[in-house]
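Protein chains: 2
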Amino acid sequence: MINTLIEKIKKTNAPIVVGLDPMLAYTPGHIQKKAFAEYGETLAGAAEAVWQFNKGIVDAVCDLIPAVKPQIAMYEQFGIEGMKAFAKTVDYCKEKGLVVIGDVKRGDIGSTAVAYAVGHLGKVTVGSNSLYSFNEDFVTVNPYLGSDGVNPFIKVCKEEKKGIFVLVKTSNPSSGEFQDRLVEGKPLYEIVGEQVARWGEDCMGDSYSYVGAVVGATYPEQGKLLRKVMPKTFILVPGYGAQGGKGADLAHFFNEDGLGAIISSSRGIIAAYKQEKYASYGEEGYADAARAAVIDMREDIAGALA
Amino acid sequence: MINTLIEKIKKTNAPIVVGLDPMLAYTPGHIQKKAFAEYGETLAGAAEAVWQFNKGIVDAVCDLIPAVKPQIAMYEQFGIEGMKAFAKTVDYCKEKGLVVIGDVKRGDIGSTAVAYAVGHLGKVTVGSNSLYSFNEDFVTVNPYLGSDGVNPFIKVCKEEKKGIFVLVKTSNPSSGEFQDRLVEGKPLYEIVGEQVARWGEDCMGDSYSYVGAVVGATYPEQGKLLRKVMPKTFILVPGYGAQGGKGADLAHFFNEDGLGAIISSSRGIIAAYKQEKYASYGEEGYADAARAAVIDMREDIAGALA
Numbered sequence: 003m004i005n006t007l008i009e010k011i012k013k014t015n016a017p018i019v020v021g022l023d024p025m026l027a028y029t030p031g032h033i034q035k036k037a038f039a040e041y042g043e044t045l046a047g048a049a050e051a052v053w054q055f056n057k058g059i060v061d062a063v064c065d066l067i068p069a070v071k072p073q074i075a076m077y078e079q080f081g082i083e084g085m086k087a088f089a090k091t092v093d094y095c096k097e098k099g100l101v102v103i104g105d106v107k108r109g110d111i112g113s114t115a116v117a118y119a120v121g122h123l124g125k126v127t128v129g130s131n132s133l134y135s136f137n138e139d140f141v142t143v144n145p146y147l148g149s150d151g152v153n154p155f156i157k158v159c160k161e162e163k164k165g166i167f168v169l170v171k172t173s174n175p176s177s178g179e180f181q182d183r184l185v186e187g188k189p190l191y192e193i194v195g196e197q198v199a200r201w202g203e204d205c206m207g208d209s210y211s212y213v214g215a216v217v218g219a220t221y222p223e224q225g226k227l228l229r230k231v232m233p234k235t236f237i238l239v240p241g242y243g244a245q246g247g248k249g250a251d252l253a254h255f256f257n258e259d260g261l262g263a264i265i266s267s268s269r270g271i272i273a274a275y276k277q278e279k280y281a282s283y284g285e286e287g288y289a290d291a292a293r294a295a296v297i298d299m300r301e302d303i304a305g306a307l308a
Numbered sequence: 003m004i005n006t007l008i009e010k011i012k013k014t015n016a017p018i019v020v021g022l023d024p025m026l027a028y029t030p031g032h033i034q035k036k037a038f039a040e041y042g043e044t045l046a047g048a049a050e051a052v053w054q055f056n057k058g059i060v061d062a063v064c065d066l067i068p069a070v071k072p073q074i075a076m077y078e079q080f081g082i083e084g085m086k087a088f089a090k091t092v093d094y095c096k097e098k099g100l101v102v103i104g105d106v107k108r109g110d111i112g113s114t115a116v117a118y119a120v121g122h123l124g125k126v127t128v129g130s131n132s133l134y135s136f137n138e139d140f141v142t143v144n145p146y147l148g149s150d151g152v153n154p155f156i157k158v159c160k161e162e163k164k165g166i167f168v169l170v171k172t173s174n175p176s177s178g179e180f181q182d183r184l185v186e187g188k189p190l191y192e193i194v195g196e197q198v199a200r201w202g203e204d205c206m207g208d209s210y211s212y213v214g215a216v217v218g219a220t221y222p223e224q225g226k227l228l229r230k231v232m233p234k235t236f237i238l239v240p241g242y243g244a245q246g247g248k249g250a251d252l253a254h255f256f257n258e259d260g261l262g263a264i265i266s267s268s269r270g271i272i273a274a275y276k277q278e279k280y281a282s283y284g285e286e287g288y289a290d291a292a293r294a295a296v297i298d299m300r301e302d303i304a305g306a307l308a
């Protein structure tokens, strides 16, 4: 799947993943109104609004981008109905030819980690059947529990030709509280990065590993260091746009082959119509605003890499 | 809710939480057969088997224990149908008067952490309604992302009088890979423990904080240290029984008031009928075997604390 992701990045010339993290407050009034008319102001109504919103975005941008990243929390908050919207979104994006990175940040051990891995990337066994559950292409994984929490994902990735992105240095202001603490002179994120590189050695695609990393765009200096520590690791870079990361900050996340990173933007794309710059599209034109924002983001990144 | 948990521990004289982590392989043949007859060897069939299995366990042990800890991964692996079984299990346990600790190990930032917090502990807003989704009493939280990932949970805990248990030192063999790394001479788990104590200061119940910690029974020396670092923190202790933790190892997780810890056992209770010791109950008697195992565990812990 890492090979597929790279092919799609080359084809679209856009190392961009659109985060499908729809807060209900992002969904335009006409979508909410229709969903609530059908299902009431219920969890099912919220899930319907989120799903219709996503569908509009995906239809508008799917030819421009290689991948999407649905953030499962935004669906899980609406309970079972929300999870149905998550599953529909994953399936729809795959139908549209997009690589789906499930931003689930799961992390547990032993049989529990196996359950997350098969539930999101592989197949569960029920009697004599092997069945897919959520069936994303990649998921994000939290490393705090060590190899016991990561190896079950790697095993499933090998079987299914799928992949993971392990949190290394996250984009948020307080990420340094633990991740920056110095261990024998090195920050913890570097130690985690070294381990990610080791985990990845044994599961290589053509040029990059199935085991990727998450490093926030808001920490460009750390990104520069981690790029060297993990040369064969694909880096998923959140924090661009709404969180403050700029195109110019991104160059060091890439290798000299022009590859090795994929930049994520969520609010900056899916709620673009709320920005002054794209306000002329109006609520009704939210999907076209998202398309315009993707095109601008592609140019910003191309400029940074030139 | 921490006050409620403590009351129930005192009433049952059992600082025990039963982990409802049903692998399909734990469910006796007669339960699987009935579920598959009704729903086929499908995700719905698996979810039904898990739910019926849980119901039997809960009915058999609910008068003996204060709390249960469903591990969401074991449900999530079966997709939407599995999540329905999770929700049914949570609701049923609450009906039976049990405190429900959702073992979800979520960890994310900002609006995403808010989504997890309201989805599992609080209420989501849909139009003019505020609605519960999964509605556990406590959840487990991963600290790797720092305060940005924990504060949204704390906010909801204050509003809802609920609580969290933050991963500090996990029970698995490789937990030391990152958690034991020395930061200025202190292991990272101690740094995290200090931060958990700080997070908890501002949300105190009568004698313990709403912000608890997870420390594995398999690391008794570390438990002894962390007990001192976090004197007002309730500690959720996994790893007893099947993972190798023994009653004698547990004494140092408790304070001198005889409180401050709740010991979790999953396989050791719910799959007790598979152990030689409880084999005479047979598959059909799996729930009675679980009851016997709870009584033995209660005695083992009482002996260790005496």
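Chains as they are written, first to last, in my numbering: chain A, 3 to 308; chain X, 3 to 308.
Note that CB positions come from ideal geometry on N, CA and C, so glycine has one too.
Keep in mind the model is a prediction, meaning the values are calculated, not measured.
Taking the alpha-carbon positions, what's the residue i to residue j distance?
| i | j | result |
| --- | --- | --- |
| A/GLY218 | X/THR127 | 30 Å |
| A/TYR118 | X/ILE82 | 14 Å |
| A/ASP290 | A/GLY58 | 9 Å |
| X/ILE193 | X/ARG183 | 10 Å |
| X/LEU228 | X/GLY195 | 7 Å |
| A/ALA27 | X/PHE256 | 45 Å |
| A/LEU1 | A/GLY178 | Residue 1 of chain A is absent from the structure shown; chain A starts at 3 and stops at 308. |
| A/ILE67 | X/VAL216 | 41 Å |
| X/ILE272 | X/LYS160 | 33 Å |
| X/ALA48 | A/VAL231 | 43 Å |
Starting from the Cα of residue i, find the closest Cα among the options and give me that residue.
| i | options | result |
| --- | --- | --- |
| A/LYS125 | A/ASP23, A/LYS163, A/LEU307 and A/THR6 | A/LYS163 |
| A/MET85 | A/GLY284, A/SER130, A/ASN137 and A/GLY99 | A/ASN137 |
| A/PHE55 | A/ASP208, A/PHE88 and A/ILE67 | A/PHE88 |
| X/ASP150 | X/SER211, X/ASP110 and X/GLU43 | X/ASP110 |
| A/VAL19 | A/GLY243, A/SER282, A/LYS279 and A/SER132 | A/GLY243 |
| A/MET25 | X/TRP53, X/MET76 and X/GLY129 | X/GLY129 |
| X/GLY148 | A/VAL170, A/ALA281 and A/CYS159 | A/VAL170 |
| A/SER267 | A/THR44, A/SER282, A/LYS248 and A/ASP139 | A/LYS248 |
| X/GLU9 | X/THR220, X/GLY104 and X/TYR210 | X/TYR210 |
| A/GLN224 | A/LYS188, A/LYS36 and A/GLN197 | A/LYS188 |
| A/THR235 | A/THR14, A/GLN197, A/GLU285 and A/THR172 | A/GLN197 |
My output table needs one value for residue i: the three-state DSSP class, helix, strand or coil.
| i | result |
| --- | --- |
| A/GLY108 | Looking at the sequence provided, one finds Arg at residue 108 of chain A rather than Gly. Correct three-state label for A/ARG108: strand. |
| X/THR220 | coil |
| A/ALA69 | strand |
| X/LYS188 | strand |
| A/ALA273 | coil |
| X/LYS36 | helix |
| A/LYS164 | coil |
| X/PHE140 | strand |
| A/LYS279 | helix |
| X/GLY148 | coil |
| A/SER211 | strand |
| X/THR114 | helix |
| X/LEU238 | strand |
| A/LEU169 | strand |
According to the neighbour-count rule (16 or more other Cβ atoms, all chains shown, within 10 Å of its Cβ), is residue i buried or exposed?
| i | result |
| --- | --- |
| A/GLU50 | buried |
| X/PRO233 | exposed |
| X/ARG200 | exposed |
| X/MET206 | exposed |
| A/LYS71 | buried |
| A/GLY121 | buried |
| A/ILE297 | exposed |
| X/ASP65 | exposed |
| X/LYS12 | exposed |
Taking the continuous beta strand (DSSP E) assigned at residue i, which residues delimit it?
| i | result |
| --- | --- |
| X/TYR288 | Looking at the DSSP string, X/TYR288 is not in any beta strand (DSSP E); the run it does join, the alpha helix (DSSP H), is 288 to 307. |
| X/ALA263 | 263 to 267 |
| X/THR14 | Segment 4 to 14 is the alpha helix (DSSP H) holding X/THR14; no beta strand (DSSP E) there. |
| X/SER132 | 131 to 134 |
| A/LEU22 | 18 to 22 |
| X/LEU26 | Where X/LEU26 is concerned, there is no enclosing beta strand (DSSP E), given that its DSSP letter is neither H nor E. |
| A/LYS248 | It is not in any beta strand (DSSP E) - A/LYS248 carries neither H nor E in the DSSP assignment. |
| A/LYS234 | From DSSP, A/LYS234 is part of no beta strand (DSSP E); its letter is neither H nor E. |
| A/THR127 | 125 to 128 |
Could you please give the first and the last residue of the uninterrupted alpha helix (DSSP H) stretch that includes residue i?
| i | result |
| --- | --- |
| X/TYR77 | 75 to 78 |
| X/PHE88 | 81 to 97 |
| X/ASP61 | 45 to 63 |
| A/GLU179 | 178 to 181 |
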